[in-house]
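J.: Pasting a structure below so you can have a look.
Number of protein chains: 2
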Amino acid sequence: MTTVPLRKDAARNRHRIVEVGRRFVDEGTPIQLNEVARAASVGVATVYRHFPTPEALLETVAAPGLEALASHAEQALSGDDAWTALRDFLFAATDALITDASMSPVFAAAASTLAHTTELKQRLVTLFGQLLDRAHAAGAADPGVTQADLVPLMCGVVHAATVRPAATDADRAAAARRYLTVVLEGLRGHAR
Amino acid sequence: MTTVPLRKDAARNRHRIVEVGRRFVDEGTPIQLNEVARAASVGVATVYRHFPTPEALLETVAAPGLEALASHAEQALSGDDAWTALRDFLFAATDALITDASMSPVFAAAASTLAHTTELKQRLVTLFGQLLDRAHAAGAADPGVTQADLVPLMCGVVHAATVRPAATDADRAAAARRYLTVVLEGLRGHAR
DNA sequence: CGGTGAAGCGGATAGAACATCCGTTTCGTG
DNA sequence: CACGAAACGGATGTTCTATCCGCTTCACCG
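Chains as they are written, first to last, in the numbering used here: chain A, 3 to 194; chain B, 3 to 194.
Quick look at the structure:
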């Protein structure tokens with residue numbers, strides 16, 4: 003599983019492709035590999051060689067965001083109040099998922115094409131779980147909701163905000179925060 | 003907007019097509035119009051004439067379920083306790099959305115191709131709103147959550163349960179009910 | 001009834017999107 | 001500099017989507 007370092011030109015092309023992928027995601031353009039190739043001034047085969055499917059490219063585009071989220075979660079784990087730490091982290095995560103369109107599809111997808119992403123997602127799930135368990139231990143969260151539920155719940159909140167007809171991105175973000183508030187209240191409420 | 007009654011053969015074909023559409027939805031097969039034509043022993047053009055897009059067919063497939071939901075909501079409105087009526091109805095709605103795969107996409111879609119569906123959705127949103135308003139009036143629900151939020155929240159709950167890796171449909175339904183419980187708790191909790 | 005025109009039918013096929021293959025080019029090492 | 005491996009690119013086969021138009025069926029009317 004040790005990766006041979008890419009040749010210089012290959013690295014450059016790969017980088018270009020990811021950049022274009024990022025741009026497409028930000029613009030809401032669907033990722034079509036032929037289209038990406040054109041925009042990156044690269045042969046179609048080059049794109050397909052690096053990323054066999056649109057999802058694979060999406061995952062790579064999403065990776066930095068997921069990593070940032072993971073570090074954030076690690077920091078949150080050192081917070082003193084379990085509930086506050088969980089809550090603040092989830093708000094940050096929601097904002098990230100709304101802002102960066104590449105993240106929620108990757109999150110929601112069952113399995114991943116890329117080993118790196120799989121590992122990253124696993125790490126995040128574990129971190130989510132630890133944050134939740136701390137809250138459980140402090141008696142601050144409904145014990146009926148488990149590790150396996152937190153990521154889906156987040157996806158649900160984001161999905162709800164996405165479905166809702168909203169004029170601007172800010173509106174959507176505000177809705178997501180309100181929905182998260184409801185869910186958090188439900189999580190905590192049941193514990194009492 | 004008065005619709006001319008279909009010719010006998012046209013009605014038969016249309017019916018066949020919808021039937022096949024229903025089957026595809028139940029089997030989780032993606033609705034491809036050419037494929038539907040083959041399965042319905044009908045020319046491609048016939049399918050396209052009745053349903054210009056897969057979504058249009060999906061809407062028609064979903065319509066009976068949406069209608070059932072609407073009548074259920076109307077019944078719920080005559081319940082004596084506002085909160086109980088809302089809660090029971092939302093549980094029933096969640097079950098329906100999980101069971102019938104045609105409903106949530108139609109629900110989540112912003113606009114509809116079909117006039118009938120548009121009207122039906124509008125009716126449902128109104129009914130949801132009335133149920134929620136009764137709960138508001140009874141001081142049983144967070145006033146920060148409005149009419150425009152209820153449908154998205156339902157979509158979110160269903161989405162969360164769909165995303166969650168689950169062995170069986172029953173698991174998924176159970177998860178959805180748990181998530182709805184959390185949301186309801188959050189809705190009610192904030193009101194107090 | 002049988003004739004007639006409108007409504008509907010079907011499938012060949014044009015067009016778009018996707019993915020692969022292979023001859024050519026570029027890179028890095030000895 | 002020469003050579004083999006790695007990477008490139010785009011022409012091209014494949015698949016999926018949707019339209020067009022010549023033919024058939026239906027329903028109505030004399």
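A virtual CB, placed ideally from N, CA and C, is assigned to each residue, including glycine.
(1) Taking all protein chains shown into account, do 16 or more other C-beta atoms lie within 10 angstroms of the C-beta of histidine 17 of chain A, making it buried, or fewer, making it exposed?
(2) Find out if the Cβ-Cβ distance for the pair threonine 62 of chain B, leucine 116 of chain B is shorter than 8 Å.
(3) Establish whether the CB of aspartate 1 of chain B and some CB of chain A are separated by less than 8 Å.
(4) For leucine 155 of chain A and chain B, any beta-carbon pair shorter than 8 Å?
(5) With 16 other CB atoms within 10 Å as the buried threshold, where does asparagine 36 of chain A fall?
(6) What does the alpha-carbon distance come out to for the pair threonine 120 of chain A and aspartate 90 of chain A?
(7) Please work out which residues of its chain come closer than 8 Å, Cβ to Cβ, to tryptophan 85 of chain B, disregarding the five sequence neighbours upstream and downstream, and give them in chain order.
(8) Given alanine 150 of chain B, which residues of its chain have a CB within under 6 Å of its CB, disregarding the five upstream and five downstream residues?
(9) What is the DSSP secondary structure of glycine 188 of chain A, reduced to helix, strand or coil?
(10) For a cutoff of 8 Å on Cβ pairs, would you count glutamate 187 of chain A as touching chain B?
(11) Give me, in chain order, the residues of the same chain whose beta-carbon lies closer than 7 Å to that of alanine 163 of chain B; leave out the 5 immediate sequence neighbours on both sides.
(12) Under 8 Å, CB to CB, which of the residues in the region 136-151 of chain A have a partner in chain B?
(13) What did DSSP end up calling serine 114 of chain A once you bin it into helix, strand or coil?
(14) I need the DSSP call for serine 43 of chain A, collapsed to helix, strand or coil.
(15) Below 7 Å CB to CB, which residues in the same chain sit around glutamate 196 of chain A once its five sequence neighbours on both sides are set aside?
(16) Are three or more beta carbon pairs between the region 152-162 of chain A and the region 100-114 of chain A nearer than 8 Å?
(17) Counting only the same chain and skipping the five closest in sequence on each side, list residues whose C-beta sits under 6 Å from that of phenylalanine 26 of chain B.
(18) Leaving out five residues on either side along the sequence, give the residues of the same chain with a beta carbon under 8 Å from the beta carbon of alanine 41 of chain B.
(19) Using a Cβ cut-off of 7 Å, pull out every chain A residue sitting near valine 165 of chain B, in sequence order please.
(20) Out of A:Phe93, A:Asp11 and A:His118, point me to the one whose CA is closest to threonine 5 of chain A's CA.
(21) Report yes or no: is there a C-beta of chain A within less than 8 Å of the C-beta of glycine 23 of chain B?
(22) Cα separation between glycine 188 of chain B and glycine 146 of chain B?
(23) Please classify alanine 208 of chain A as buried or exposed, where buried requires at least 16 neighbouring CB atoms within 10 angstroms.
(24) Taking the alpha helix (DSSP H) that threonine 96 of chain B falls in, what are its first and last residues?
(25) Let me make sure I understand the geometry here. Which of A:Asp171, A:Thr170, A:His74 and A:Ala94 has the alpha-carbon closest to that of threonine 183 of chain A?
(26) What first and last residue would you give for the alpha helix (DSSP H) that runs through threonine 62 of chain B?
(27) Can you tell me which of the three DSSP states threonine 183 of chain A falls into?
(28) When DSSP labels each residue in this structure, what does threonine 170 of chain A get in the three-state scheme?
(29) Valine 165 of chain B: which of A:Pro167, A:Val153, A:Ala168 and A:Thr170 sits nearest, CA to CA?
(30) Thinking leucine 92 of chain A and leucine 186 of chain A are a contact (beta carbons under 8 Å), I'd like their distance in whole angstroms, please.
T.: Short version:
(1) exposed
(2) For threonine 62 of chain B and leucine 116 of chain B, yes; Cβs fall inside 8 Å.
(3) The structure shown does not extend to residue 1 of chain B, since chain B is modelled only from 3 to 194, so the question has no answer here.
(4) It does; some Cβ of chain B falls within 8 Å.
(5) exposed
(6) 25 Å
(7) Apart from sequence neighbours up to five positions away, the residues of its chain that approach tryptophan 85 of chain B with a beta-carbon distance below 8 Å are Ala137, Ala140, Ala142, Ala143 and Arg190, ordered along the chain.
(8) none
(9) helix
(10) Output row for glutamate 187 of chain A: interface = yes.
(11) Ile100, Arg174, Ala177, Ala178 and Tyr181
(12) For the region 136-151 of chain A, which is checked against every Cβ of chain B, the residues closer than 8 Å are Asp144, Gly146, Val147, Ala150 and Asp151.
(13) coil
(14) coil
(15) The displayed coordinates of chain A run from 3 to 194. Any statement about residue 196 of chain A would go beyond what the structure contains.
(16) yes
(17) Ile33
(18) Val22, Arg25 and Phe26
(19) Ala110, Pro154 and Cys157
(20) For threonine 5 of chain A, the nearest C-alpha among the options comes from A:His118.
(21) no
(22) 11 Å
(23) Residue 208 of chain A is absent from the structure shown; chain A starts at 3 and stops at 194.
(24) 84-101
(25) A:Ala94
(26) In the DSSP assignment, threonine 62 of chain B falls within the alpha helix (DSSP H) that extends over 56-79.
(27) helix
(28) coil
(29) A:Val153
(30) 7 Å
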